[in-house]
Amino acid sequence: MSQKKLHESLKIKEDDRFPSRVSGYCNWESIRLIKSILSPKQLDLFRATCFGHFLDVSDMVLSGQFCHHILLRECHVRDVDDTPSTFWFYVGNEVIRFSAVEFCLVTGLTIGDSSESPSNISKHMDKRLHQSYFQDGKVHVKVFANWFRNLGPNNNVNDNDMVKLALILFLEMTLVGKDDRNAIQYWALQLVDDLDAFNNFPWGTFINGRTFDSLSTCLVGRDDKYKERLESPAKWKTEKYNVYGFVTSFQVWAIEAIPKWAMLGHASRVNNVTPRILNWKCTGTPSYVELYDNIFKYKNLTISKFLVPSDEEVTKLYWAGIDQSHFPIDPMIVSPEECDCGVDDDDYEDDVHEDIDNVEGDAEKKMMMVRMIYNIQMLVMI
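Residue numbers (this note's numbering): 66 to 447.
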């Protein structure tokens, strides 16, 4: 596929890219709380569940700018029947994939049939936990987390209930990744009271779907808002947005797909096990400008186009629901015009015939302006 075609397929044109503050709601404080409050016996019980391996995750600081740079490079692709939702990003001179395959290999969460809604599955289940601990009332995530914290390690809750409540804490604070002012999902509180049903639920499909929905919409219209900010008298010229869902999965995939990130010292490999999220420690939060200068302005990056399961990974239970034939290894890249994305025809015709070298030159000029704005804002903060 020609580089020109790839440039044309970008959802946000190269010279329209913009810096932004990114907030993620994937909160790993849940694991610290669980480790500090559950007894050794309860931790062993938790470890035996479908979320147990997350107890071994190392430090995971979200690099919003790293994720933002990748999201800016999303390509338009033609929808194909029976093809699961898949992202394609144009990084360096390669197009890289983030799909349920990558999500599964990173997280170890099961991808499976989700034809029946979670609320229907739990509809006829007992409300015992909800009634016993929360009087069947509405409970916000923040309130639930504080309640769990205040239980302390020397509480009177029985072992099984403590594990079930800890599972809900991790699900709501970390995997679902939502604003803690929102209520917990009561169907999950019912489902967890049947641990077999909870462990067999296709959490990978559910969490990946939520994450995909957020990542696919978080930049919509942001490029236009950024242009408006530049023309306004506002002191801060940077756009901002939130990312919901299990955004850590996206970051760990990106580390594996773009090794240069780890080479710069922003992530370090701490293990070589499965699932892959256990292999990385992320502590770096470099700026938008730093990432552009050291990674994203280069065209000759070493890239993994898609993740390939190892011999060990294909034997794992969480991999059993994956049919790789449903996930193309080459995208059906299209232009905005071909996918009927509402782009003005005249503007698009101009863009199609624009020389790629000129596009890259305009992008570099844009980065010079971004650097200037970034430096000024850093001075304002001092």
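Idealized CB from N, CA, C, for every residue including glycine.
If you draw a straight line from the C-alpha of residue i to the C-alpha of residue j, how long is it?
| i | j | result |
| --- | --- | --- |
| Thr367 | Gln316 | 17 Å |
| Asp388 | Asn220 | 45 Å |
| Thr380 | Arg341 | 15 Å |
| Glu167 | Asp191 | 35 Å |
| Trp212 | Phe116 | 21 Å |
| Lys154 | Glu139 | The sequence given here has Phe at residue 154, not Lys. Spanning the two alpha carbons is a distance of roughly 4 Å. |
| Ala299 | Tyr291 | 11 Å |
| Gln68 | Val142 | 15 Å |
| Ala231 | Arg86 | 31 Å |
| Arg97 | Met397 | 43 Å |
| Arg193 | Gly217 | 22 Å |
| Ser150 | Val160 | 16 Å |
| Lys76 | Val312 | 20 Å |
| Arg82 | Glu296 | 16 Å |
| Asp244 | Gly310 | 10 Å |
My understanding is that residue i touches residue j, with C-beta atoms under 8 Å, so please give their C-beta distance in whole angstroms.
| i | j | result |
| --- | --- | --- |
| Trp252 | Ser180 | Not really, about 16 Å apart at Cβ, beyond 8 Å. |
| Val453 | Ser279 | Nothing in the structure corresponds to residue 453, since the chain is present only between 66 and 447. |
| Trp326 | Leu372 | 15 Å between Cβ atoms; not a contact. |
| Phe235 | Phe119 | 7 Å |
Classify residue i as buried or exposed, calling it buried when 16 or more other Cβ atoms lie within 10 Å of its own Cβ.
| i | result |
| --- | --- |
| Pro105 | exposed |
| Val122 | buried |
| Gln107 | buried |
| Val171 | buried |
| Arg162 | buried |
| Thr282 | exposed |
| Glu293 | exposed |
| Met238 | buried |
| Pro267 | buried |
| Asp258 | buried |
| Glu94 | exposed |
| Pro84 | buried |
| Lys364 | exposed |
| Val204 | buried |
| Met328 | exposed |
| Glu377 | exposed |
(request) Enumerate, from N- to C-terminal direction, the unbroken alpha helix (DSSP H) stretches of 4 or more residues contained entirely within the region 298-328. (result) 312-322, 325-328
(message) Which complete alpha helix (DSSP H) runs does the region 125-175 hold, if anything under 4 residues is left out?
(response) Residue ranges of uninterrupted alpha helix (DSSP H) with 4 or more members, entirely inside the region 125-175 and ordered along the chain, are 129-136, 165-172.
(request) Would you mind listing the beta strand (DSSP E) stretches within the region 208-255 that are 3+ residues and don't spill past its ends, in chain order? (result) none
(message) Count Cβ pairs between the region 332-348 and the region 119-136 that sit closer than 8 Å; are there 3 or more?
(response) Three or more Cβ pairs closer than 8 Å define a contact, and the region 332-348 meets that threshold against the region 119-136.
(request) Run through the region 347-402 for me and flag every whole alpha helix (DSSP H) of 4 or more residues, listed as ranges in chain order. (result) The DSSP assignment places 353-356 as complete runs of the alpha helix (DSSP H) inside the region 347-402, in order along the chain (cut-off: 4 residues).
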